[in-house]
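Those protein sequences? They're chains W and X, same order as listed. So for the first sequence, the numbering used here puts the first residue at 1; every next one is plus one. So for the second sequence, the numbering used here puts the first residue at 1001; every next one is plus one. Ideal Cβ positions, reconstructed from N, Cα and C, are used throughout, including at glycine. These numbers were taken from a predicted model, which means no experiment stands behind them.
There are 2 protein chains.
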Amino acid sequence: MNKLHDITLTANQEFVFNLLKEERVKMSAYEILDKLRDSGFSAPPTVYRALDFLISKGLVHKIESLNAFIACDHTHEGKDSVLFEICNHCGETREYSDEKISSQIYRNTERKNFKITKTTVEILGQCQNCMDS
Amino acid sequence: MNKLHDITLTANQEFVFNLLKEERVKMSAYEILDKLRDSGFSAPPTVYRALDFLISKGLVHKIESLNAFIACDHTHEGKDSVLFEICNHCGETREYSDEKISSQIYRNTERKNFKITKTTVEILGQCQNCMDS
DNA sequence: TTTCGTATGTTATAATATAACAATTCTCTT
DNA sequence: AAGAGAATTGTTATATTATAACATACGAAA
């Protein structure tokens, strides 16, 4: 089932989303801008607006510790926290979710009546490939 | 036991650390700069250098999703991940660690031979106080 | 077809962070 | 106490990331 089944994208939003989906790597807003100049993008707000929309729909995530953006890998259900595992060396960024971590995060906060609006879990390090070489 | 038992701070580092310890709230680098102008701080590098040092010693943490810095609350042992719980409304920032979450993060990555250098776990939402009012 | 919400283009600027380099201070070691 | 080497600082400039503001255009729906 496609995540887009009930989301209509404008031309700009589609340019940004397709770029991120095709490249499958994290990109800064200004990298996106540069790659889309030929498509008519000329200034940062065009990129940031599209990103904001895509993020609000869960189609793109921001990696806070790198100020970078990446297309979302998988469908999100209600209460799962997204985790990112990022290699410092090659930049490869894997997204996943972990039920144990998500539920533990929610258990902690529910006890305190803290109402979560967003979770950020980012794991930086070196991947096996980069350790070998 | 004081965390500083074997760490010597320079004057600048101490200004920044004391400010963050006393205020006990997150502050941006430029807020720190403004508060320390009277102490002779005049440009960003002075602040960022002190912060870098304090972070490297574990005395200060950066909150990635807010580009802000906060004095560390507690002693860190080998493999614990720090968690931040941040109220969008009042800005209160609580630091804690959770053995279940930390160990689960490490279990996930060890299986894949991914070597962690840093973890970022930030939970944004609304605290009970702010919900009541 | 008017209306209203959303998206866009554009210019300017705000906020966050680092580069580069000369000058100074600190800490050993002798 | 002097000097070498390392670390820290002051300073200026600039890079990087993100938003404000406002006029215009577009799109769905009454």
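Query	Result
Nearest-angstrom Cα separation, counted from residue 100 (chain W) out to residue 1108 (chain X)	11 Å
Contact list for residue 1131 (chain X) against chain W, beta-carbon separation under 9 Å	113, 114, 115
Pairwise C-alpha distance: residue 105 (chain W) and residue 127 (chain W)	25 Å
The stretch 60 to 67 of chain W contacting the stretch 81 to 91 of chain W, beta-carbon criterion three pairs below 8 Å	yes
Length of the line joining the Cα atoms of residue 1042 (chain X) and residue 21 (chain W)	44 Å
Short CB-CB distance (under 8 Å) between residue 1127 (chain X) and chain W	yes
Any C-beta of chain X under 8 Å from that of residue 93 (chain W)	no
Residue 1118 (chain X): contacting residues in chain W (beta-carbon distance under 9 Å)	65, 88, 122, 123, 124, 125
Any chain X beta carbon closer than 8 Å to residue 80 (chain W)	no
Rounded straight-line distance, which links the Cα of residue 1089 (chain X) to that of residue 122 (chain W)	23 Å
Proximity below 8 Å, CB of residue 1039 (chain X) to CB of residue 1069 (chain X)	no
CA nearest to the CA of residue 1091 (chain X), picked from X:1048, X:1010, X:1125, X:1019	X:1125
Span separating the alpha-carbon of residue 117 (chain W) from that of residue 103 (chain W)	15 Å
Nearest residue (CA-CA) to residue 131 (chain W), options X:1129, X:1113, X:1096, X:1025	X:1113
Rounded separation between residue 1032 (chain X) and residue 1023 (chain X) - CA only	11 Å
Partners in chain W for residue 1104 (chain X), counting only beta-carbon separations shorter than 7 Å	98, 100, 101
Backbone secondary structure at residue 59 (chain W) - three-state DSSP	coil
Own chain, CB closer than 7 Å to residue 133 (chain W), minus 5 neighbours either side, in chain order	none
Three-way DSSP call (helix, strand, coil) for residue 94 (chain W) in this model	strand
Among W:36, W:95, W:37, W:45, nearest to residue 25 (chain W) - alpha-carbon criterion	W:95
Neighbour list for residue 109 (chain W) in chain X, Cβ cutoff strictly below 9 Å	1085, 1123, 1125
Cross-strand partners of residue 84 (chain W) (DSSP beta bridge)	W:95, W:122
Straight-line Cα distance separating residue 29 (chain W) from residue 1046 (chain X)	28 Å
Close-in-space but distant-in-sequence residues of the same chain around residue 7 (chain W) (CB under 8 Å, 5 per side omitted)	57, 59
C-alpha gap between residue 36 (chain W) and residue 17 (chain W), whole angstroms	11 Å
Residues of its chain near residue 65 (chain W), where Cβ-Cβ distance is below 7 Å and the 5 sequence neighbours each way are ignored	122, 124
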